[in-house]
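I have placed the structure first, in the form of structure tokens, so that the comments after it can refer back to it.
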Amino acid sequence: MTLVTFLAISVMVLAGVLINDATARAEQAAKRSVGAEVTLDVDMSQLADTGQLQAPRIDAATVDKIGALPEVQRYTYTIWDRALLTGSNKLVDGGPKDPMGLGGTMAIGVLDSSLLPDFRSGRSSLLSGEHITAADQDDKPLLIEERLARQNGLKTGDKITLTGNDEKTTGEFTVGGIYRDPRPTTEADAEYGISPANMIYGSVGGLSALDPEEDGPQKVGKATFLLRDADLQDSFKSGAKRIAGSALTGFKLDTNDKAVQQMTGPLGSIRSTATLAMWLMGLAGAAVLALLVNLAVKQRRTEYGVLLAMGEKKNRLIAQQALEIVAVAALAVGLSALFTPALTQSAGQALLGREASAAERTLDSWQPPAPGSTGIDQGIDPGDRPVENADPIDEITVALGPADLAEVGGVGLAIGLLATAVPAASVLRLSPRTILTKGK
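Right under this line is the structure:
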């Protein structure tokens, strides 16, 4: 009975340990695959508290110093302004009606276009040409959407002229790449309100030339840093604050771990279930073992009476009980190691599959607000939009290692010693004369 009880405890505890290890490995793999993205953006709460109407900006040189920190793998920042197509080139029709004036669209200057959220998530893809990089800061390449390119007969390498927001300053640019945005032409961009077919990206240096009023060092309003490891967030933020100092006033450093949370949500659910079951089984098993050991003490009273009458010490009898329990526990742990990994893989996979399917249904049920609406009046939070290409993890791999066996062995030893603690008190009260004369 003791062996069966210990075997059940060992199986449940080992299963809990294996699931915790497997989910931890899967979470770490998800973090490393997604990376840690930290965004330097305007802190709207600070603006509201101070009553400041104009969003702050930070020197690009300061951002470059932050981007040079050892924790940073790559980084980018953006500037934006209205730009107008000139000559025979026209914007794509069918979207919001002239949100930036006749012929006006949004031109976004970037340091590294491959780090833009839409490109990183895979929603937008580059069809031809190359991404804009830091090496293009002083050049004038543009990335244009395929619908805009198709309407105007443009291809990679062609020239295109843009006019700045002052409607006077012009510049000649080269189509460096054509990309695809799957959003329909009629869907207004949530941030800029224009049709996604008309969004233009260019180099920071190239587009800043369209603003003749820009004096002094280049300033930016938003930056994104892709860290080498998700565990480096705290050290990166400390380094950024040390470098920027008061220049960060009005800004916040936000960690974009939404994709990781979306992917690892089901893992947390099964880990919680396994941990709860492990604790409940451990406590219940300890109680059952205590009763079994106590029963064994009562059944062996005559044996103990003879040993005590022969001069055996009571502490040696208690040690004998503990040794017997430890021997049974070791056998139970060894037996559980033979079949628990396969059992845990099957049960954990089935449980995770259900959790992942439920998470997928929740993500699929999310609907964006109507075009031109923020969604707030409809009870829709645009921030709840699911991250694309970040499907919930639906597979884990269970692997048994020496550390797992050591952990289960330690738990088994603790439970065994706890189970012998209560009966030990009855052993200390034994009287050999009473046992041998009266049988009790």
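Residue 467 is where the sequence shown starts when you use our numbering, and the numbers rise one by one after that. In this text, a Cβ means the ideal position worked out from N, Cα and C, and glycines have one as well. Computed from a prediction, not measured in an experiment: that's the story for all the values here.
Per DSSP, cross-strand counterpart(s) of residue i
i	result
A689	L506 and Y543
D919	Here the chain covers residues 467 to 906 and nothing more, so residue 919 does not appear.
V470	Answer by DSSP bridge pairing: none, since V470 is not bridged.
V907	Since the first residue of the chain shown is 467 and the last is 906, residue 907 is not available in this structure.
Span of the alpha helix (DSSP H), counted from its first residue to its last, around residue i
i	result
G800	K780 to D830
T715	T715 -> no alpha helix (DSSP H), and no H or E assigned at all.
T528	A526 to G533
Three-state class that DSSP yields for residue i in the structure shown
i	result
D647	coil
I862	coil
S701	helix
M776	coil
G771	helix
G551	Position check: residue 551 holds Leu in this sequence, whereas Gly was assumed. Strand.
T730	helix
V874	helix
D954	Within the shown structure, residues of the chain are numbered from 467 to 906, placing residue 954 beyond reach of any answer.
E638	strand
V759	helix
V558	coil
K563	coil
D632	coil
R523	coil
I660	coil
G882	helix
R766	coil
A743	helix
P852	coil
T652	coil
Q684	coil
Q494	helix
G867	coil
D487	helix
Extent of the continuous beta strand (DSSP E) run through residue i
i	result
L609	P607 to E611
S669	I666 to S669
Residue i and residue j closer than 8 angstroms at C-beta
i	j	result
A521	L673	no
V508	L693	no
I736	T489	yes
L608	G642	yes
L628	T636	yes
V558	T651	yes
D530	K685	no
E923	L593	Nothing in the structure corresponds to residue 923, since the chain is present only between 467 and 906.
T542	L506	no
I475	G876	no
L480	T806	yes
V726	V799	no
L817	T739	yes
T756	G882	Here the sequence assigns Ala to residue 756, which means Thr is not the residue at that position. In this structure, G882 does not lie closer than 8 angstroms to A756 by Cβ.
N631	N555	no
S802	V477	yes
G668	F639	yes
A859	T730	For clarity, residue 859 is Ile in the given sequence; the question names Ala instead. A contact, by the Cβ cut-off of 8 angstroms.
T721	A502	yes
K707	L698	no
A825	P732	yes
A752	L884	yes
L620	A663	no
E778	Q815	no
I660	P562	yes
G482	T741	yes
R646	S590	yes
I610	I666	yes
Entirely enclosed alpha helix (DSSP H) segments - the stretch 565-630, minimum 4 residues | 583-587 and 612-618
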